[in-house]
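Chemist: From first to last, the protein sequence lines stand for chains P and F.
Position 162 of the first sequence, counting from 1, maps to 162 under the working numbering, and the rest follow consecutively.
Position in the second sequence counted from 1, then plus 1000, gives you the working numbering.
Every residue gets a Cβ at the ideal spot worked out from N, C-alpha and C, and that includes glycine.
Bear in mind the structure is a predicted one, so any value in this text is a computation, not a measurement.
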Amino acid sequence: MNKLINDPSTVVSDALRGIAAAHSELHVDHENRVVHRADAPVRGKVGLVSGGGSGHEPLHAGFVGPGMLDAACAGEVFTSPVPDQMVAATKAVDGGAGVLHIVKNYTGDVMNFEMAAELAEAETGVSVVSVVTDDDVAVQDSLYTAGRRGVGVTVLVEKIAGAAAEEGRPLAEVADVARKVNANGRSMGVALTSCTVPAAGKPTFDLPDGQMEVGIGIHGEPGRRRVPTAPAAEIAEMLVQPILADLDFTGGDGVIAFVNGMGATPLLELYVMYQEVATLLSKAGVSIARSLVGPYITSLDMAGCSVTLVKADDELLRLWDAPVQTPALRWGR
Amino acid sequence: MDAAAVAAWLREFARLIAENKELLTELDSAIGDADHGTNMDRGMTAVLTALDGAAGTPGALLKRTGMTLVSTVGGASGPLYGTAFLRMATAAGDADSLDAEGFAKVLRAGLDGVVARGKAEIGDKTMIDALTPAVDALDAALADGQPLGEALRAAVRGAEQGREATIPLVARKGRASYLGERSAGHQDPGATSVTMLVAAAAKALGA
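Spelled out as structure tokens, the structure:
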């Protein structure tokens, strides 16, 4: 295992010290492993809290700042944070208008955020609403699974709901915007290599050269099927077709198309993929209104990518275009 | 059994988790995210510290254990084991000691807590697949008039059978459920660690 670390057991706290050193506009509560806006709480604004296991950077701490999240809780690598952290984050960003929890649909994350919302409400009376993201079409959504995983759409939910909160909209409306993005978003991913959790010291799964895993999540959990590697055009088809089969993306005001890197895939290849995705969408009669290309929700050092589409309307596009000032997303003023 | 006996049970559980940390993580890497051993070991190590010098009733120790696990484990195991111990604490109440039936009630309250928090059913390939037959076997053996030691050994056999029975199952809860049919053929890590909880009880309380 070749990694730029001091010790597997201090990776998360060391990285948080790095975030504090690099970004003076953020405040890091090292004891609770919470990163929040230095100016939190913002009076009268709905506070946005997210969080999850570490290893997906820049998600979530890289999205803390004006126009996006107010706070992010960092768990151990690929492990949900604990309720104490979420309670501390919720208290830190409560500006009197309530707090929205954005939770990726994983059993642990959902249960810990559930306990945290109960505790925070009981302790301070703050109103908490939770929105769970579940956009991964690789997972069959049925009574017999934990439901679809929350993956790429989480980035877009955080950006768009963050813009709605910045406009001063009330908690119920900000939550509705978040749910709308999730309901209109679908994702699918592929891994070309496994990833290595520092504490485990070896790859999570064994993927021989020349093979790839289709339908992976963001934790090195194996996907739905293993197939031989293929040209980018074919891989794009394997990702885009299940998304288009799951939701009608034609019409409306177009889609936000997001090609995400899993951590170890160069931007050069992500643009090759984006070109193939754009071609497929054009053939399918889906127009692209906005795009995002880069590693924004990663899986440590996994190679591969995911594709996320969100069907947009005027409102969502306006909120997408609104200014955002975070370490990882930054535009407008 | 008094608070010292409950503490001995928790210490033995912590020892088994530490000893089998790699095994648990390995089982988890096959169908989950390769952290069950690390997370449980971190939590039980914190419990050991919390138990140091702790006095009081069995219920107080169980509550302290539950709070510590909720605050240190994360993942799904934190809320599940945490809720289990918190419910056990409630069932133990203020009593200074528990008899065999009292302990069986405490363990069943823990099981009910896991079911309530995780919303899983028997056969979903989770920790309740091992904990349910263990608690059932404990109740049945005590009702049969067997002494606690014998009854706990029956509970361990129940847990072990339940744990083995998770191998062919297709997971319907948790991260393993994302694998669909590919989750079959692997032993569930949560069923494995909870079997250690029962085995620890037999060793520490069943003499």
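Should VAL82(P) be flagged as near chain F, meaning a C-beta pair shorter than 7 Å?
Modeler: Taking Cβ atoms only, chain F reaches closer than 7 Å to VAL82(P), which makes this a yes.
Chemist: Go ahead and pull the three-state DSSP assignment for ASN260(P).
Modeler: Reduced to three states, the DSSP call for ASN260(P) is strand.
Chemist: Quick one, which of GLY1123(F), LEU1131(F) and ASP1096(F) has its alpha-carbon nearest ARG1108(F)'s?
Modeler: Taking only the C-alpha atoms, the option nearest ARG1108(F) is LEU1131(F).
Chemist: Closest to LYS311(P) by C-alpha separation, out of GLY223(P), PHE258(P) and LEU239(P), would be which residue?
Modeler: Among GLY223(P), PHE258(P) and LEU239(P), the Cα nearest to that of LYS311(P) is on PHE258(P).
Chemist: Using beta-carbon positions only, say whether ALA191(P) and SER1177(F) come within less than 7 Å of one another.
Modeler: It is not a contact, given that the beta carbons lie outside the stated cut-off.
Chemist: Anyone know if the C-beta pair for HIS1036(F) and LEU1024(F) falls short of 7 Å?
Modeler: Cβ distance < 7 Å, so HIS1036(F) and LEU1024(F) count as in contact.
Chemist: Could you check how far apart the C-beta atoms of LEU100(P) and VAL126(P) are, in whole angstroms? I think they sit under 8 Å.
Modeler: Between VAL126(P) and LEU100(P) the Cβ distance is about 11 Å, and since that is not below 8 Å, they are no contact.
Chemist: Considering only residues of the same chain and omitting the five flanking positions on each side of LEU1016(F), which have a CB-CB separation below 7 Å?
Modeler: The residues are MET1196, ALA1199 and ALA1200.
Chemist: Would you identify the three-state DSSP class for GLN275(P), choosing helix, strand or coil?
Modeler: It is helical.
Chemist: State the start and end residues of the unbroken alpha helix (DSSP H) segment that holds GLU167(P).
Modeler: GLU167(P) -> no alpha helix (DSSP H), and no H or E assigned at all.
Chemist: Please name the residue or residues paired with CYS195(P) in a DSSP beta bridge.
Modeler: Answer is none; CYS195(P) lacks a bridge partner.
Chemist: Run through the DSSP bridge pairs and tell me what HIS1186(F) is partnered with.
Modeler: In DSSP, HIS1186(F) forms no bridge with anything.
Chemist: Report the neighbours of ALA1076(F) on chain P: residues whose CB is nearer than 7 Å to its CB, in chain order.
Modeler: The contacting residues are THR107, GLY108 and MET111.
Chemist: For a minimum of 3 consecutive residues, which ranges assigned as the beta strand (DSSP E) are wholly contained in the segment 125-158 of chain P?
Modeler: Segments of the beta strand (DSSP E) lying fully in the segment 125-158 of chain P: 128-133.
Chemist: Specify the secondary structure class of GLY1162(F) as computed by DSSP and reduced to three states.
Modeler: GLY1162(F) falls in the helix class under three-state DSSP.
Chemist: Starting from GLY53(P), trace the beta strand (DSSP E) both ways and give me its first and last residue.
Modeler: Element bounds for GLY53(P): 47-54.
Chemist: Tell me whether LEU4(P) is buried or exposed, calling it buried when 16 or more other Cβ atoms sit within 10 Å of its Cβ.
Modeler: LEU4(P) should be labelled exposed.
Chemist: Just the Cα atoms here: how many angstroms apart are THR133(P) and GLY1093(F)?
Modeler: So the two alpha carbons sit approximately 39 Å from each other.
Chemist: Give me the chain P residues within the contact set of ASN1039(F), using Cβ-Cβ distance strictly less than 8 Å, ordered along the chain.
Modeler: Under the 8 Å cutoff, chain P gives GLU76 and THR79.
Chemist: Could you tell me which residues DSSP pairs with TRP331(P) in its beta bridges?
Modeler: Answer is VAL324(P), bridged to TRP331(P).
Chemist: Based on the DSSP output, what are the partners of LYS104(P) in its beta bridges?
Modeler: Paired residues: THR133(P).
Chemist: Taking the Cβ atom as the reference point for each residue, do SER54(P) and VAL77(P) lie within a distance shorter than 7 Å?
Modeler: Yes; because the gap between Cβ atoms is below 7 Å, this pair is in contact.
Chemist: Consult DSSP for ASP29(P) and reduce its assignment to one of helix, strand or coil.
Modeler: Reduced to three states, the DSSP call for ASP29(P) is strand.
Chemist: Give, in chain order, every residue of the segment 186-207 of chain P whose Cβ lies closer than 8 Å to some Cβ of chain F.
Modeler: Of all residues in the segment 186-207 of chain P, VAL197, ALA199, ALA200, THR204 and PHE205 have a Cβ within less than 8 Å of some Cβ in chain F.
Chemist: Taking 7 Å as the CB-CB cut-off, is PRO1079(F) touching chain P?
Modeler: Chain P contact via Cβ: present.
Chemist: Within 7 Å (strictly less), CB to CB, does ARG1087(F) reach chain P?
Modeler: Chain P, which has no Cβ nearer than 7 Å to the Cβ of ARG1087(F), makes this no.
Chemist: Beta carbon of LEU1152(F), beta carbon of GLY1206(F): below 7 Å?
Modeler: Yes, Cβ-Cβ distance for LEU1152(F) and GLY1206(F) is below 7 Å.
Chemist: Going by the CB atoms, is the gap between PRO228(P) and PHE205(P) shorter than 7 Å?
Modeler: No, they are not a contact pair.
Chemist: Let me see if you follow: with CB-CB separation under 7 Å, is VAL49(P) close to chain F or not?
Modeler: It does not: the Cβ of VAL49(P) has no partner Cβ on chain F nearer than 7 Å.
Chemist: If you measure beta-carbon to beta-carbon, which residues of the segment 1162-1184 of chain F are closer than 9 Å to chain P?
Modeler: Here the close residues are VAL1170, ALA1171, ARG1172, LYS1173, GLY1174, ARG1175, ALA1176, SER1177, TYR1178, LEU1179, GLY1180 and ARG1182.
Chemist: With respect to the beta strand (DSSP E) encompassing ARG37(P), which residues constitute its N-terminal and C-terminal limits?
Modeler: 34-37 is the extent of the beta strand (DSSP E) around ARG37(P).
Chemist: With ARG1011(F) as the anchor, note down where its alpha helix (DSSP H) starts and where it stops.
Modeler: From DSSP, the alpha helix (DSSP H) with ARG1011(F) extends over 1003-1019.
Chemist: Who are the neighbours of VAL1047(F) on chain P, taking C-beta pairs under 8 Å?
Modeler: None at all; the shortest Cβ gap to chain P is about 14 Å.
Chemist: Using only the alpha-carbon positions, how far apart do PHE1103(F) and VAL1194(F) sit?
Modeler: Approximately 16 Å between the Cα atoms of the pair.
Chemist: How would you list, in chain order, the residues of chain P whose beta-carbon sits under 7 Å from the beta-carbon of GLY1032(F)?
Modeler: Residues of chain P passing the Cβ test: GLU221.
Chemist: How would you call MET1(P), buried or exposed, if buried means at least 16 neighbouring beta carbons within 10 angstroms?
Modeler: With fewer than 16 Cβ atoms within 10 Å of its Cβ, MET1(P) is classed as exposed.
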